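Residue numbers (the working numbering), protein chains in the order written: chain A, -8 to 279; chain B, -8 to 279. Here the structure comes first, spelled out in structure tokens, and everything after it is commentary.
2 protein chains.
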Amino acid sequence: MVDCIIVGSGVAGISAALTLQANRKTFLIFGSKSLSEKIEKAEKIHNYPGLSDVSGKEFIAALQTQLSDAKIEVNEEKVAGVYALKEGFTLLTQGGEQYQSRAVILACGVESVKQIEGEESFVGRGVSYCATCDGFLYKDKTIAVVCTTKRLEHEIGYLADFAEKVYLIPMYKNVEIERENITVIRKMPAKIEGNLRVENLAFASAPAENIPEKLPVNGVFMLRESVSPAILMGGLQTENGHVIVGRDMSTNITGCFAAGDCTGRPYQYAKAVGEGNVAAHSVSEFLK
Amino acid sequence: MVDCIIVGSGVAGISAALTLQANRKTFLIFGSKSLSEKIEKAEKIHNYPGLSDVSGKEFIAALQTQLSDAKIEVNEEKVAGVYALKEGFTLLTQGGEQYQSRAVILACGVESVKQIEGEESFVGRGVSYCATCDGFLYKDKTIAVVCTTKRLEHEIGYLADFAEKVYLIPMYKNVEIERENITVIRKMPAKIEGNLRVENLAFASAPAENIPEKLPVNGVFMLRESVSPAILMGGLQTENGHVIVGRDMSTNITGCFAAGDCTGRPYQYAKAVGEGNVAAHSVSEFLK
């Protein structure tokens, strides 16, 4: 069991990791070795103290060097969920691994893509965020996959191995995956409909040539870089999608702290860095 | 009238300045061109994301370059006080200048030297923080000057021009100032005593050779790098010397925000940078 698990490898998570290490705590950090797609895409960062007008790529490179100097390695397993136990927490990965910790810092960012109408109400009834967890449930079925990033294309392949038919609705350019049973549809998904379970994925605009207004499907997979904190951790209090935290970054769940964009605006590197630092200090206090 | 006045040139103040500039707000920042004695003295900084194991001096140099690139200049006039008016704020300098703003960010740090017993109760009755404001009141009198940093030695000279006798109690090494009417005393001041006004400055330990237990004085000047926020701005709510702030860094005074060490622990660069950023965004919101 480690002292703390950090979910997210953006600047909030990295700040927390560096500070936990300075405080001699054991921890795991889950995310991506490329750290954050959002930072990487930033053209210029004008207001981060200490780095004059760096590009997102330069910032990422500096952070990667720093992590490597500090011998901190990001665990790239995708997180399926975090569960508060009687004592401590268990993190389950989408690959079925388990990790235990005494405290948790959620630094999972905010999803810039809005939730689709009906999405939350059909979670567990046809809506899934995890290909490897739930893919087998859709053997020989028809599914829609809304995917926001090319990095998750391999998960689409995984789903196509099970499903009879896959409608892929990509939110990124240059789709590379090609399979006989995958049909790419470039339209904005608007609503998930159904009764007891998901029945249709409806689109936003008027039907175009060859694209129906709605797709009859058995399931909808939402493959996003980050998962909403409330879905990641049941019972977490949120407001408008943001985790409710105190000045010490504590959430309503004892031992669970949050930092960075997931706690609300401003969505700024400096703010995220500060909150990651405070969350790490609060974890150190909590562990006493 | 500028949009905002920032008091303090540590990382919290700098972060606020860079973000106000990014938000196209007009502002003044008061502090020191050498930014922060505290950062300068830091041996190594291990947990500031983006800068691997920099020394305090390197961090200061990076920040100075960034400010100069951004054409942000620190105003070195010493701040005597900030006053909330019916609309906006007035800052008075110790040199008697006035500056107006619509909002204020206090980023004045925490004084690592503790207050002396009796100090706060005798403010305005013999205790002063401002040589140029109050020096003339002590013409031909006897005063004690407790000075925490060599940078303020010139103020001692100013006081010695008026006073008949100056007892200098330095909290730094290598005292350079020499005057006939200045006596340097190397002891820990413990208590300011008196009735209606200051009468004595008492020391902590037993009287040593040639140093009495207490000095009979007409006034005590406390010359410190930073002034406690509550003394800087009357009516500000504090707790254990820290400004009480919300998640948006607002204080109990409308339009007045605070950031950095003055809002409480952890005293960390990352935390200060984050809070400066949030305070600047809150100012932008407030100005709407």
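Just so it is clear, CB atoms sit at the ideal spot from N, CA and C, and this is done for glycine as well. Since we're looking at a predicted model, the values are computed, not measured.
- Against chain A, the beta carbon of Asp60/B has neighbours under 9 Å at Ser43, Asp44, listed in chain order.
- Only those residues of the region 12 to 44 of chain B whose C-beta falls short of 8 Å from the nearest C-beta of chain A are listed: Gln12, Ala13, His37, Asn38, Tyr39, Pro40, Gly41, Leu42, Ser43, Asp44.
- Taking a Cβ-Cβ threshold of 7 Å, the residues of chain A close to Val2/B are Pro40, in chain order.
- Interface flag for Leu278/A against chain B is unset, since no Cβ pair is found closer than 8 Å.
- Straight across, the Cα-Cα distance linking Val189/B with Arg116/B is about 6 Å.
- Inter-segment contact for the region 106 to 114 of chain B and the region 75 to 82 of chain B is absent: fewer than three beta-carbon pairs are separated by less than 8 Å.
- In the DSSP assignment, Pro257/A falls outside any beta strand (DSSP E), carrying neither H nor E.
- Shown here for Tyr158/B: same chain residues with a beta carbon closer than 6 Å to its own, the five before and five after excluded, namely Ala135, Thr174, Ile176, Leu206 in chain order.
- Residue range 210 to 214 is occupied by the beta strand (DSSP E) that includes Gly210/B.
- Neighbours of Gln55/A across chain B, judged by C-beta separation under 8 Å, do not exist; the nearest C-beta is about 10 Å away.
- Interface criterion met: the Cβ of Leu9/B is under 8 Å from a Cβ in chain A.
- For Ala261/B, the nearest CB of chain A lies under 8 Å from its own CB, placing it at the interface with that chain.
- Distance from the CA of Ile244/A to the CA of Gly225/A, rounded to the nearest whole angstrom, comes to 10 Å.
- For Ile168/B, there is no enclosing alpha helix (DSSP H), as DSSP marks it with neither H nor E.
- Where Tyr158/A is concerned, there is no enclosing alpha helix (DSSP H), although the beta strand (DSSP E) around it starts and stops at 156 to 161.
- Put simply, the region 150 to 167 of chain B does not touch the region 246 to 263 of chain B. Fewer than three CB pairs are less than 8 Å apart.
- In this structure, the beta-carbon distance from Leu278/A to Arg142/A does not fall below 8 Å.
- Asn268/B sits in a helix when the DSSP states are folded into three classes.
- The three-state secondary structure of Tyr39/A, taken from DSSP, is coil.
- Rounded to whole angstroms, the gap between the alpha carbons of Pro203/B and Glu184/B is 15 Å.
- Using a Cβ distance threshold of 8 Å, Leu214/B and Ala221/B do not count as a contacting pair.
- With contacts defined by Cβ atoms closer than 8 Å, Ser275/B and Phe212/B do not form a contacting pair.
- Nearest to His37/B by alpha-carbon distance, out of Ser196/A, Leu58/A, Ala193/A, is Leu58/A.
- Take Ser6/A, set aside five residues on each side of it, and the residues of its chain with a beta-carbon closer than 8 Å to its own are Ala250, Ala263, Val264, Gly265, Glu266, Gly267, Asn268, Ala271, in chain order.
- In the three-state scheme derived from DSSP, where H, G and I count as helix and E and B as strand, Ile5/A is classed as helix.
- Residue environment analysis places Leu187/A among the exposed positions, since fewer than 16 neighbouring C-beta atoms fall within 10 angstroms of its C-beta.
- Per the DSSP secondary-structure output, Gln89/A pairs in a beta bridge with Leu83/A.
- Of Asn231/B, Asp239/B, Thr242/B, Gly237/B, the smallest CA-CA separation from Gln106/B is found for Asn231/B.
- According to the DSSP assignment, Gly72/A belongs to the beta strand (DSSP E) that extends over 70 to 75.
- Excluding sequence positions up to five before and after Ala151/B, its CB lies within less than 6 Å of the CB of Val157, Arg170, Asn172, Ile173, all in the same chain and listed in chain order.
- Val264/B has a beta carbon lying within less than 8 Å of a beta carbon in chain A.
- Checking the DSSP bridge columns, you'll see Gly185/A partnered with Val189/A.
- In the DSSP assignment, Ala94/A is bridged to Cys(-5)/A.
- At a C-beta separation below 7 Å, His233/B has no neighbours in chain A, since its nearest C-beta there lies roughly 11 Å away.
- Taking C-beta atoms as the reference points, Leu97/A and Gly(-1)/A count as a pair closer than 8 Å.
- Assigned with DSSP and collapsed to three states, Pro203/A falls in coil, not helix or strand.
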